[in-house]
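Student: Residue numbers (the working numbering), protein chains in the order written: chain A, 1 to 111; chain B, 112 to 220. Quick one: structure below, then a few questions.
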Amino acid sequence: DVKVTQSSRYLVKRTGEKVFLECVQDMDHENMFWYRQDPGLGLRLIYFSYDVKMKEKGDIPEGYSVSREKKERFSLILESASTNQTSMYLCASSQGSNEQFFGPGTRLTVL
Amino acid sequence: SQKIEQNSEALNIQEGKTATLTCNYTNYSPAYLQWYRQDPGRGPVFLLLIRENEKEKRKERLKVTFDTTLKQSLFHITASQPADSATYLCAGGDYKLSFGAGTTVTVRA
Numbered sequence: 001d002v003k004v005t006q007s008s009r010y011l012v013k014r015t016g017e018k019v020f021l022e023c024v025q026d027m028d029h030e031n032m033f034w035y036r037q038d039p040g041l042g043l044r045l046i047y048f049s050y051d052v053k054m055k056e057k058g059d060i061p062e063g064y065s066v067s068r069e070k071k072e073r074f075s076l077i078l079e080s081a082s083t084n085q086t087s088m089y090l091c092a093s094s095q096g097s098n099e100q101f102f103g104p105g106t107r108l109t110v111l
Numbered sequence: 112s113q114k115i116e117q118n119s120e121a122l123n124i125q126e127g128k129t130a131t132l133t134c135n136y137t138n139y140s141p142a143y144l145q146w147y148r149q150d151p152g153r154g155p156v157f158l159l160l161i162r163e164n165e166k167e168k169r170k171e172r173l174k175v176t177f178d179t180t181l182k183q184s185l186f187h188i189t190a191s192q193p194a195d196s197a198t199y200l201c202a203g204g205d206y207k208l209s210f211g212a213g214t215t216v217t218v219r220a
């Protein structure tokens, strides 16, 4: 069964902390994505990666960075967490233009 | 900027009826439209993909249409069941998708 896993389901951090969210896929997909989902706004793309060490900004990259050192792993980094980054974070992977497979999500609260 | 809009935030229907959800796109012409289902607290799950040169696609009780003239996709759930209650997301693009905000469907027994 294909799988995308995320390091935490729930996370609580303080303002100013550095936060790492990790995502792992076992399908050998070339594309990986990080989204955030907020009520009424839908999924918004933060960053995506189309190959190891390759990345491209999405619609809302400010305040975030990413790392993809291995094909199966894509990390999202909040350099200095702020309260407006409280959200549900979803990781996804895909091969080419095919459907995206999503992880279960990480609900991040920044106090 | 390119935009996907789902006109209804919520849809309540009686079991056995057909639910019809609308997705409109503006400022671009996506090669594909995709539909996903999302249950509370979980990640979206892919349901159907339709290409711009396809008018209609079916999968079991689901049907999707793609009208490039109206810039619209319709998503139908026929013979709806309470288990179909979820949020349905429309997405357009190719390897990179733009998502709508979703329509929450509630099927009453």
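Note that beta-carbon positions come from the ideal geometry of N, C-alpha and C, so glycine has one too. Quick caveat: nothing in here was measured; it's all calculated off a predicted structure.
1. From the DSSP output, read off the bridge partner residues of A/Leu78.
2. Quick one: what's got a C-beta closer than 6 angstroms to B/Glu167's C-beta in the same chain, skipping five residues either side?
3. Spell out the partners DSSP gives A/Asp51 in its beta bridges.
4. Thinking B/Pro155 and B/Arg148 are a contact (beta carbons under 8 angstroms), I'd like their distance in whole angstroms, please.
5. Please report whether the beta-carbon of B/Lys114 lies at a distance below 8 angstroms from any beta-carbon of chain A.
6. Can you tell which of B/His187, B/Ser140, B/Ser191, B/Gly152 has its C-alpha closest to the C-alpha of B/Gly203?
7. May I ask which residues mark the beginning and end of the beta strand (DSSP E) holding B/Glu167?
8. Cα separation between B/Leu200 and A/Leu43?
9. Around the Cβ of A/Phe20, are there at least 16 other Cβ atoms within 10 angstroms (buried) or fewer (exposed)?
Tutor: Reading from the atomic positions:
1. A/Val19, A/Tyr64
2. Thr176, listed in sequence order.
3. A/Met54
4. 7 angstroms
5. no
6. B/Ser140
7. 167-170
8. Going by C-alpha positions, B/Leu200 is about 9 angstroms away from A/Leu43.
9. exposed
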